[in-house]
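In our numbering, the protein residues as written are 48 to 294.
Ideal Cβ placement from N, Cα and C applies to all residues, glycine included.
Nothing here was measured: the structure is a model prediction, and the numbers come from that model.
Notes follow once the structure below has been shown.
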């Protein structure tokens with residue numbers, strides 16, 4: 048038995064999320080179907096660093112799985128890529144120890160969310176959130192800095208997501224303007240871990256701040272409230288990317 052660790056990217060627009068579900072197309076489902084074929088028709092379970100929701104993309108998702116067959120990392124990479132659909136691509140495969148776990152050994156993640164504040168672009172509608180209205184960038188940047196550090200993020204997670212621990216650490220946030228297209232805003236979030244819908248709920252709130260509906264310092268009170276109803280609406284999934292997982 049060998050344990051393999053893979054880095055892979057996917058276009059989430061035609062997937063009902065990462066996690067496998069019956070009778071629906073998912074990233075995990077497509078990977079496991081291909082791996083079963085490679086593994087002499089024996090089931091292979093893929094354990095990712097975490098799940099992404101429907102229409103959310105990944106540039107560098109990570110996962111591990113065990114294979115019974117004797118195969119090199121490079122041969123396995125070629126075999127997987129020959130069998131999976133073209134909206135998934137395995138970038139790297141390496142053999143790891145049996146004690147390694149893609150989820151539990153992860154030290155942090157980086158998400159980015161891309162917004163178009165210029166005119167509507169139908170070609171980018173599945174990959175960049177089409178806000179198509181000006182936003183106060185300086186006010187959004189001020190609000191993002193209030194989010195840095197260790198906080199209880201209960202106000203920014205799914206309403207019915209009952210967890211014992213809502214505390215997470217955001218070590219870095221940035222707002223980057225595309226030099227080639229100043230209408231593209233990229234919001235960057237680096238942290239130890241993220242709750243369900245956390246980034247999209249934060250972005251939805253930041254958009255309301257950028258529109259002047261609430262002040263940047265209101266973020267402090269939203270965090271303190273620990274109440275989902277105090278934050279903004281959930282931003283669309285299309286602009287969200289899992290950019291990296293750190294180990």
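Boundaries (first-last residue) of the alpha helix (DSSP H) holding residue i
i, result
"residue 101", "Where residue 101 is concerned, there is no enclosing alpha helix (DSSP H), given that its DSSP letter is neither H nor E."
"residue 159", "No alpha helix (DSSP H) holds residue 159; the beta strand (DSSP E) holding it covers 155 to 163."
"residue 238", "Note, residue 238: premise wrong, no alpha helix (DSSP H); beta strand (DSSP E) at 231 to 238."
"residue 67", "Note, residue 67: premise wrong, no alpha helix (DSSP H); not H, not E."
"residue 130", "120 to 130"
"residue 78", "74 to 85"
Exposed unless 16 or more other CB atoms sit within 10 angstroms - verdict on residue i
i, result
"residue 248", "buried"
"residue 297", "Residue 297 lies beyond the range of the chain shown here (48 to 294); nothing can be said about it."
"residue 160", "buried"
"residue 237", "buried"
"residue 185", "exposed"
"residue 169", "exposed"
"residue 162", "buried"
"residue 252", "buried"
"residue 78", "buried"
Sub-7 Å separation of residue i and residue j beta-carbons
i, j, result
"residue 53", "residue 140", "yes"
"residue 96", "residue 150", "yes"
"residue 136", "residue 105", "no"
"residue 20", "residue 275", "Missing from the structure shown is residue 20; the chain here goes from 48 to 294 and no further."
N- and C-terminal bounds of the beta strand (DSSP E) containing residue i
i, result
"residue 193", "Premise fails: residue 193 lies in the alpha helix (DSSP H), 184 to 194, not in any beta strand (DSSP E)."
"residue 223", "214 to 224"
"residue 180", "Looking at the DSSP string, residue 180 is not in any beta strand (DSSP E), and its letter there is neither H nor E."
Helix, strand or coil at residue i according to DSSP, with G and I counted as helix
i, result
"residue 93", "coil"
"residue 106", "strand"
"residue 53", "strand"
"residue 203", "helix"
With three or more beta-carbon pairs closer than 8 Å as the criterion, would you say the stretch 270 to 278 touches the stretch 192 to 206? yes
Is there contact between the stretch 59 to 77 and the stretch 111 to 121, where contact requires at least three CB pairs shorter than 8 Å? No contact exists between the stretch 59 to 77 and the stretch 111 to 121.
Touch test, the stretch 248 to 267 against the stretch 175 to 185, Cβ-Cβ under 8 Å, three pairs minimum: yes
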